[in-house]
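As structure tokens, the structure follows; a few thoughts come after it.
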Amino acid sequence: MKTKLLTILCAGLIGFGGISNSRATEDNSLQIVGDLALARPGCLAATIIGTAVFIVALPFAAASGSVRETADTLVVHPAQATFTRPLGDFSTLH
């Protein structure tokens with residue numbers, strides 16, 4: 003439940019990065035500050051909580067044969083949004 007909330011928070015920040023005025027296309031400092039102050043901590047929290055939920059769900063995922071899909075959803079995607087996404091780039095969040 004908390005993971006979904008944090009994922010929605012991260013995805014909701016896409017709109018924050020979509021400011022459309024003439025300066026926003028040249029200067030993305032507002033996007034970088036928003037990413038650093040709001041999106042990265044939220045995505046990091048989603049990664050940590052998702053990892054804990056994945057550990058609890060692992061026996062059920064293994065029984066149903068969906069370990070990879072569960073790991074991708076709960077751990078990999080939030081971790082990629084936190085650590086490998088360029089700073090200020092909200093286009094890969096969904």
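End of the sequence shown sits at 96 in my numbering; the numbers just go up one at a time, nothing left out. For every residue, glycine included, the Cβ atom is placed at its ideal position computed from N, Cα and C. Please read all numbers here as calculations on a predicted model, not as lab measurements.
Check, Outcome
"How is T72 classed by DSSP in three states: helix, strand or coil?", "helix"
"What three-state label does DSSP hand G52 in the structure shown?", "helix"
"State the start and end residues of the unbroken alpha helix (DSSP H) segment that holds V35.", "S31 to G36"
"Quick one: is A39 buried, meaning 16 or more other Cβ sit within 10 Å of its Cβ, or exposed?", "exposed"
"Whole angstroms is fine: what's the gap from G52's alpha carbon to A64's?", "17 Å"
"In terms of alpha-carbon separation, which member of A41, P61 and G67 lies closest to H96?", "A41"
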